[in-house]
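Undergrad: What follows is a single structure, and I will ask about it in a moment.
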Amino acid sequence: MDMLRNDLNSFIDTVSRDREAQLVAIRRDLHMHPEVGFNVERTAAVVARELSGLGIEHVTGVGRTGVVGSIKGGAPGPTLLIRADMDALPIREQTGLPFASAVDGRMHACGHDLHTATLIGIGAVLKEIAPQLRGNIKLMFQPAEETQESGAAAMIADGVLDDVDFALGFHNHPDEPVGTFSFVEGIANGSSDEFEITLHAASGHAARPHLAIDPVVATAQLITQLQTIISREVDPMQPAVLTIGSIHGGDTHNIIPDSVAIMGTVRCQDPASRDVIEAAIRRVCAGLEASMRVRCAINFVRGVPSLVSDDRLLKLTMSAIRDHFGDVVHPRASNLGAEDFALVGARVPAFQLGVGAGQDGRNDQLHNSDYQPDEGCIVNGVVALSLAAARLLS
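Position 378 (the sequence shown) corresponds to 378 in the UniProt record's numbering; numbering is contiguous.
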C-alpha cells in the first residue's frame, strides 16, 4: 500500500511540475487582465478554455459568472469540491512587473489569479489519476469573493453544492515562505457584517447653530459610543472588532449640513456577539435620535459567518502534505478576516489550506498595490491539494 501511495505521490508531483510553466503563463495572463466582482467574463472564459483542453466536463454561468468542472472517479464514492476565487480588487498596481495590470485601477492584489491557475492545475492532475479515485471531484471557480454580494452564495443558490460531501479551499499567504503550508484549527477567521448609518438633521449657517440641527456633532458622538460596544458589551474573551471606514458630510466650512453618512464593519467569531453588536448599534442610534434631535437611517447587512476547519479534513490534508514535502507544515493563528468560503463550510465539512507565497527578501501583504507573491506557490498548491484529494478519495 505504501509503495502504491509513493508511486501515486511521485506521479502527482511529476505531472504538476511538468505543467508549472503553463500555469505560470495562465496566471500572468489573468494578472494582466484583472476583473472585479461578478464581472469576470474573460477570466471565466480562460478557465472554460483550459478545462476544455483538459477534457474536463464543465458548466459556465453558475452563480452568474462562475465555472464548475466535474471529474468522475473510477469507482463510486463521495464528492469532493475544491474551490478557487477569480476576482481582482479596485487597486492601482504599483509593482512595475512586465505582466502588471493593463487595466487602470484594478489589480490582482489578493492572488486570486494564483488561485485560479492553481485549480486549473489541480484539475489537470486529478483528471489524470481519476481512474484510481473512489468518488468524484467538483472544481468551483468562483466570482465575487471580494464584494459584499457573495459569489459563493450565488453559486450555492445555483446548486454547486448539490451532492457535495466535503470541500477544500486554499489561499496564498505572502507573509509565509514559499514552500510552506499552514492551517488553523477550529474557528479560522471572523464573520463579516457591514452597516451604513445616515444621520438626517437640519442645515443652517455655521454662525447660528441654534437654528440648525447639527449632524456632524451627532456623528462624532455616535462614533465614540459605537466603540464602547466592543469594550463594554461584548464578552472580552470573545474577539470582536467594530471599525468605521468612511465618513461623508458637508461641502464647505461655514454650513451645517443636512446629513452625515458613515459606513463600517463588524467582525467577530461568536454568533451571540453578532446579535449583541447589532442590537447595541440600533439602541445607540435610538438614543442619539432622542438626545441630539437627528434621525438615524440604519442599513445593517449580515455577511458571511466564520469559517470552521473540519478536524478530519485538516488532519488528512496536512498528513498528506507532510508525508510528501516533509516538515514544512505549521499552525497559523485565527484572525478576524472574512472569507465567503465559510458559506460552503456552513453547508458541508470544509477546510482551507494556507499556501506559503512569500518571496525571499520581501515582506508582502495582501491587498497591497506592490504585492508580489512567489509564483512557486502555484505548483506547490497543485501538488498539495491533489495529494489531499487523492487521499480523501482513496
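Every residue gets a Cβ at the ideal spot worked out from N, C-alpha and C, and that includes glycine.
1. If we count Cβ pairs, one from each stretch, closer than 8 Å, do we get three or more for the stretch 69-81 versus the stretch 127-135?
2. With 16 as the cutoff for other CB atoms within 10 Å, does Asp-113 come out buried or exposed?
3. Skipping 5 residues on each side, what residues in its chain have a beta carbon closer than 6 Å to that of Ala-202?
4. Verify the CB distance criterion: does Gly-96 have a CB-CB separation below 8 Å to chain B?
5. Here's a check: name, in chain order, each residue in its chain whose Cβ is nearer than 6 Å to the Cβ of Ser-101, leaving out the five neighbours to either side.
6. Determine the direct distance from the alpha carbon of Asp-162 to that of Ala-25, and round the result to whole angstroms.
7. Could you pull the start and end residues of the alpha helix (DSSP H) that Asp-104 belongs to?
8. Could you check which residue in Glu-146, Val-46, His-200 and Val-301 has the C-alpha nearest to that of Leu-30?
9. Mark Asn-380 as exposed unless 16 or more other C-beta atoms lie within 10 angstroms of its C-beta, in which case mark it buried.
10. Grouping DSSP H, G and I as helix and E and B as strand, with all else coil, what is Met-292?
11. When the Cα atoms are used, what is the spatial distance from Glu-375 to Ala-389?
12. Considering only residues of the same chain and omitting the five flanking positions on each side of Asp-251, which have a CB-CB separation below 8 Å?
13. Kindly indicate which three-state DSSP category Val-379 falls into: helix, strand or coil?
14. On the criterion of 16 or more Cβ atoms from any shown chain inside 10 Å, does Ala-124 qualify as buried, or is it exposed?
15. Helix, strand or coil for residue 399 per DSSP?
16. Measure the alpha-carbon distance for Met-1 versus Ser-16 and round it to whole angstroms.
17. Just mark Met-3 as buried or exposed, buried being the case when its beta carbon has 16 or more other beta carbons within 10 Å.
18. Between Ile-321 and Leu-23, which are expected to be in contact by the criterion C-beta below 8 Å, what is the C-beta distance as a whole number of angstroms?
19. Kindly indicate which three-state DSSP category His-31 falls into: helix, strand or coil?
20. Pairs of beta-carbons, one from the stretch 335-348 and one from the stretch 52-61, closer than 8 Å: are there three or more?
21. Under the three-state reduction of DSSP, which class applies to Pro-373: helix, strand or coil?
22. So for Met-1, helix, strand or coil by DSSP?
23. Could you check the C-alpha separation between Gly-264 and Glu-20 for me, to the nearest Å?
24. I need the DSSP call for Ala-152, collapsed to helix, strand or coil.
25. Alpha helix (DSSP H) containing Ala-218: first to last residue?
26. Check Ala-117 in the structure and name its three-state DSSP category.
27. Going by CA-CA distance only, name the one from Arg-302, Gly-287 and Pro-349 that's closest to Arg-295.
28. Indicate the three-state DSSP secondary structure (helix, strand or coil) for Glu-185 in the structure shown.
29. Do Ala-357 and His-173 have their C-beta atoms within less than 8 Å of each other?
30. Take Phe-166 as the anchor and find which of Gln-372, Val-344, Met-86 and Pro-98 has the nearest alpha-carbon.
31. So the beta strand (DSSP E) Val-344 belongs to, where does it begin and stop?
32. Is it buried or exposed for Pro-236, if we count other Cβ within 10 angstroms and need 16 for buried?
33. Figure out for me which residue from Leu-139, Val-348, Arg-347 and Gly-361 has the closest Cα to the Cα of Leu-54.
34. Give the C-beta separation of Leu-199 and Leu-222 to the nearest angstrom, bearing in mind that I take them to be a contact with Cβ-Cβ under 8 Å.
TA: By the coordinates alone:
1. Proximity of the stretch 69-81 to the stretch 127-135 meets the contact definition, three or more beta-carbon pairs being nearer than 8 Å.
2. Buried, since its Cβ has 16 or more Cβ neighbours within 10 Å.
3. Shown here for Ala-202: same chain residues with a beta carbon closer than 6 Å to its own, the five before and five after excluded, namely Ala-212 and Ile-213 in chain order.
4. In the structure shown, chain B cannot be found, because there is only a single protein chain.
5. Take Ser-101, set aside five residues on each side of it, and the residues of its chain with a beta-carbon closer than 6 Å to its own are Pro-34, Glu-93 and Met-107, in chain order.
6. Rounded to whole angstroms, Ala-25 to Asp-162 spans 33 Å at the Cα level.
7. Unbroken run through Asp-104: none, as it is neither H nor E.
8. Nearest option by C-alpha distance: Val-46.
9. Buried, by the Cβ-count rule.
10. The three-state secondary structure of Met-292, taken from DSSP, is helix.
11. The alpha-carbon atoms of Glu-375 and Ala-389 are separated by roughly 22 Å.
12. The beta carbon of Asp-251 lies closer than 8 Å to those of Pro-257 in the same chain, with the five residues before and after it left out.
13. Helix, per DSSP.
14. Buried: at least 16 other Cβ atoms inside 10 Å.
15. Beyond the ends of the chain as shown, which are 1 and 394, falls residue 399; an answer cannot be given.
16. At Met-1 the pLDDT is 44, less than 50, meaning the model places this residue with poor confidence and gives no usable figure here.
17. Since pLDDT at Met-3 reaches only 44, below the 50 mark, its modelled position is unreliable, and the value read off the structure follows with that caveat. The residue in question, Met-3, is exposed, as its Cβ has fewer than 16 Cβ neighbours within 10 Å.
18. Wrong, their Cβ atoms sit about 19 Å apart, outside the cutoff.
19. DSSP, reduced to helix, strand and coil, places His-31 within a helical segment of the structure shown.
20. The stretch 335-348 is not in contact with the stretch 52-61.
21. Three-state result, Pro-373: coil.
22. The predicted model places Met-1 with a pLDDT of 44, which falls under 50 and marks its position as unreliable; any figure quoted below should be read in that light. Looking at Met-1 - three-state DSSP - the assignment turns out to be coil, as it is neither helix nor strand.
23. Put simply, the backbone Cα of Gly-264 is about 41 Å away from that of Glu-20.
24. The answer is helix: DSSP assigns Ala-152 an H, G or I state.
25. Bounds of the alpha helix (DSSP H) holding Ala-218 are 215-233.
26. Three-state DSSP puts Ala-117 in a helix.
27. Of the candidates Arg-302, Gly-287 and Pro-349, the residue whose Cα lies closest to the Cα of Arg-295 is Gly-287.
28. Reduced to three states, the DSSP call for Glu-185 is coil.
29. Inclusion of Ala-357 and His-173 in the CB contact set at 8 Å is warranted, their separation being smaller than that value.
30. Cα-wise, what sits closest to Phe-166 is Val-344.
31. For Val-344, there is no enclosing beta strand (DSSP E); the enclosing alpha helix (DSSP H) has its first and last residue at 341-345.
32. The residue in question, Pro-236, is exposed, as its Cβ has fewer than 16 Cβ neighbours within 10 Å.
33. Answer by Cα proximity: Leu-139.
34. Confirmed, Cβ separation roughly 7 Å.
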